[in-house]
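**Student:** Protein chains in written order, with the numbering used here: chain A, 1 to 114; chain B, 115 to 231. Supplied in structure tokens, the structure appears directly below.
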Amino acid sequence: SQTIHQWPATLVQPVGSPLSLECTVEGTSNPNLYWYRQAAGRGLQLLFYSVGIGQISSEVPQNLSASRPQDRQFILSSKKLLLSDSGFYLCAWSVRSIGANVLTFGAGSRLTVL
Amino acid sequence: AQKVTQAQTEISVVEKEDVTLDCVYETRDTTYYLFWYKQPPSGELVFLIRRNSFDEQNEISGRYSWNFQKSTSSFNFTITASQVVDSAVYFCALSDLYGGATNKLIFGTGTLLAVQP
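In structure tokens:
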């Protein structure tokens, strides 16, 4: 069966520090991968998605970047965090095919920037 | 434009009451999919249901039921005889099929359901 792991679960970082959140998927190949952010208002905003190694699409301009160095690994990064980067970050995966496949989410990473 | 509106920010009910969570959507697609997810206090989103635009039959799964009405662009979710364990944030989502296999979802802002004992 497929599983998705995200870490760290909780992170407190000072403004201006770097960030690295990691997500890995097990039990599947060639998945689509996604990073969503949930800010205080609870809405889920799609930040990045990837349909293959090295292929990253950004949905909103921001202080963050994403990379996919391996098929089942998705990393969210920042060189210098801003206060507005605080939030709950969710990684998700889906089967790669045309249509609307179910997204399966990880447990999330809660980032607080002070 | 692709948009999902969940007008109810918070709902509070007493255990065993029925509750309906509203979802209204806008889409440019003739074929589309709608989803509901549950986010318990732990934070992880749990998939509940996916419906495609060609299937307007209502669906029931235990205490959960969904009412899809294309004419009003709504996909409402009803919990019958609510329980404390139903307390969570519930998200409605719409598929964004532009671009083929990207499989993106557009989420509403969620409805916080609090079920009091």
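Note that CB positions come from ideal geometry on N, CA and C, so glycine has one too. All figures in this text were calculated on a predicted structure; none of them were measured in a lab.
Measuring CB to CB, does residue 113 of chain A end up less than 8 Å from residue 64 of chain A?
**Tutor:** Taking the first sequence and counting its residues from 1, one reaches residue 113 of chain A at position 113. Taking the first sequence and counting its residues from 1, one reaches residue 64 of chain A at position 64. Not a contact, by the Cβ cut-off of 8 Å.
**Student:** Just to confirm the assignment, what range does the beta strand (DSSP E) spanning residue 147 of chain B have?
**Tutor:** Here the question's residue 147 of chain B lines up with position 33 in the second sequence. It spans 147-153 - the beta strand (DSSP E) in which residue 147 of chain B sits, taken as one unbroken run.
**Student:** If you measure from the beta carbon of residue 33 of chain A to each beta carbon in chain B, is any gap under 8 Å?
**Tutor:** As a working mapping, residue 33 of chain A is identified with position 33 in the first sequence. Answer no: the Cβ-Cβ gap between residue 33 of chain A and chain B never drops below 8 Å.
**Student:** Would you say residue 111 of chain A and residue 221 of chain B are within 8 Å of each other, going by their C-beta atoms?
**Tutor:** One-based indexing of the first sequence puts residue 111 of chain A at position 111. One-based indexing of the second sequence puts residue 221 of chain B at position 107. No. Outside cutoff.
**Student:** In whole angstroms, what separates the C-alpha of residue 157 of chain A from that of residue 202 of chain B?
**Tutor:** As shown, chain A starts at 1 and ends at 114. That puts residue 157 of chain A outside it, with no answer to give.
**Student:** Can you pull the chain A residues whose beta carbon is under 7 Å from the beta carbon of residue 217 of chain B, in chain order?
**Tutor:** Position 103 of the second sequence, counted from the first residue, corresponds to residue 217 of chain B. Residues of chain A passing the Cβ test: 32, 94, 100, 101.
**Student:** Using a Cβ-Cβ cutoff of less than 7 Å, which residues in the same chain neighbour residue 87 of chain A once the five nearest sequence positions on both sides are dropped?
**Tutor:** Counting from 1 along the first sequence, the entry for residue 87 of chain A is found at position 87. Taken in chain order, the residues that qualify are 37, 38, 39, 111.
**Student:** Would you identify the three-state DSSP class for residue 186 of chain B, choosing helix, strand or coil?
**Tutor:** Start at 1 with the first residue of the second sequence, and residue 186 of chain B comes out as number 72. Three-state result, residue 186 of chain B: helix.
**Student:** Tell me whether the beta-carbon of residue 125 of chain B lies closer than 8 Å to the beta-carbon of residue 227 of chain B.
**Tutor:** In the second sequence, residue 125 of chain B corresponds to position 11, counting from 1. In the second sequence, residue 227 of chain B corresponds to position 113, counting from 1. Yes, Cβ-Cβ distance for residue 125 of chain B and residue 227 of chain B is below 8 Å.
**Student:** By the DSSP assignment, the beta strand (DSSP E) with residue 218 of chain B in it spans what residues?
**Tutor:** As a first step, residue 218 of chain B is located in the second sequence; it is residue number 104 there, counting from the start. It spans 218-221 - the beta strand (DSSP E) in which residue 218 of chain B sits, taken as one unbroken run.
**Student:** If I'm right that residue 122 of chain B touches residue 136 of chain B with Cβ under 8 Å, what's the distance once you round it to whole angstroms?
**Tutor:** Taking the second sequence and counting its residues from 1, the one referred to as residue 122 of chain B is at position 8. Taking the second sequence and counting its residues from 1, the one referred to as residue 136 of chain B is at position 22. Contact flag correct, Cβ pair sits at about 6 Å.
**Student:** Around the Cβ of residue 217 of chain B, are there at least 16 other Cβ atoms within 10 angstroms (buried) or fewer (exposed)?
**Tutor:** The sequence position of residue 217 of chain B within the second sequence is 103, counting from 1. Result: buried.
**Student:** Can you give me the C-alpha to C-alpha distance between residue 46 of chain A and residue 176 of chain B, rounded to a whole angstrom?
**Tutor:** Numbered from its first residue, the first sequence carries residue 46 of chain A at position 46. Numbered from its first residue, the second sequence carries residue 176 of chain B at position 62. Their backbone Cα atoms lie some 31 Å apart in a straight line.
**Student:** In this structure, what does DSSP give as the bridge partners for residue 161 of chain B?
**Tutor:** Within the second sequence, numbered from 1, the residue matching residue 161 of chain B stands at position 47. DSSP links residue 161 of chain B through a beta bridge to B:151.
**Student:** Considering only DSSP beta bridges, list what residue 121 of chain B is partnered with.
**Tutor:** Within the second sequence, the letter at position 7 stands for residue 121 of chain B. DSSP lists no partner for residue 121 of chain B.
**Student:** Which same chain residues end up closer than 7 Å to residue 3 of chain A when comparing Cβ atoms and leaving out the 5 residues on each side of it in sequence?
**Tutor:** By 1-based counting over the first sequence, the position of residue 3 of chain A is 3. Excluding positions up to five away in sequence, the list reads 26, 27.
**Student:** Which residue marks the beginning of the beta strand (DSSP E) containing residue 6 of chain A, and which one marks its end?
**Tutor:** If you number the first sequence from 1, residue 6 of chain A lands on position 6. Where residue 6 of chain A is concerned, the enclosing beta strand (DSSP E) starts and stops at 3-7.
**Student:** Is the distance from the Cβ of residue 116 of chain B to the Cβ of residue 141 of chain B below 8 Å?
**Tutor:** On the second sequence, position 2 is the one that residue 116 of chain B refers to. On the second sequence, position 27 is the one that residue 141 of chain B refers to. In contact: residue 116 of chain B and residue 141 of chain B (Cβ atoms closer than 8 Å).
**Student:** Under a three-way DSSP split, which group does residue 64 of chain A fall into?
**Tutor:** The sequence position of residue 64 of chain A within the first sequence is 64, counting from 1. Coil, per DSSP.
**Student:** For residue 72 of chain A, I'd like the list of residues in its chain whose CB is within less than 6 Å of its CB, leaving aside the five on either flank, ordered along the chain.
**Tutor:** The residue you call residue 72 of chain A lines up with position 72 of the first sequence. If we look at residue 72 of chain A and ignore the five residues flanking it on each side, its Cβ neighbours are 24, 25.
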